[in-house]
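The sequence shown maps to residues -10 to 91 in my numbering.
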Amino acid sequence: MRMAVLILALLLSACVTGERITDIAPGMTSEQVSKIIGRPDGFRGVSDYTIYTYTNRLISGWSWDRADYTFIFKDDKLVEYGPGEVREREVGGVQTIFLYEL
């Protein structure tokens, strides 16, 4: 029983990217963002900008919806961030996909 509760707590704490995103603010460094959200799934540099991408992350601990998140840094300071494509779990044979522009 104790082990089941521990596993459940770990799973729920790892599944709340969307809830942790409320702790993010413009001007933060890439290191600060990584400490809050975790290691990015990908990154690339374009001119003076560095772009971190987080893919297929759970939006909250109470939902199975998933989203991609993008964080854009200039001179290692966060200038823009937000969700990309949001995917909803298939329920009753119906797949719903929401798209958000950054």
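A virtual CB, placed ideally from N, CA and C, is assigned to each residue, including glycine.
These numbers were taken from a predicted model, which means no experiment stands behind them.
- Proximity to Gly27 across Thr42, Asp54, Pro15 peaks at Thr42, based on C-alpha coordinates.
- Look at Thr18 here: in three-state DSSP terms it is coil, with no helix or strand label.
- Closest in C-alpha terms to Asp30, from the list Thr11, Ala56, Gly16, comes Ala56.
- In the same chain as Gly73, and ignoring 5 residues on each side of it, the C-beta atoms closer than 6 Å to its own belong to Asp57, Thr59, in chain order.
- The beta-carbon separation of Ile10 and Ile40, rounded to 16 Å, does not stay under the 8 Å limit for a contact.
- Residue environment: Arg33 is assigned as exposed (fewer than 16 neighbouring CB atoms within 10 Å of its CB, all protein chains considered).
- In the DSSP assignment, the residues bridged to Arg46 are Ala56.
- Ile13 carries a coil assignment under DSSP once its states are collapsed to helix, strand and coil.
- Ranking Asp64, Thr44, Gly71 by CA distance to the CA of Val35 puts Asp64 first.
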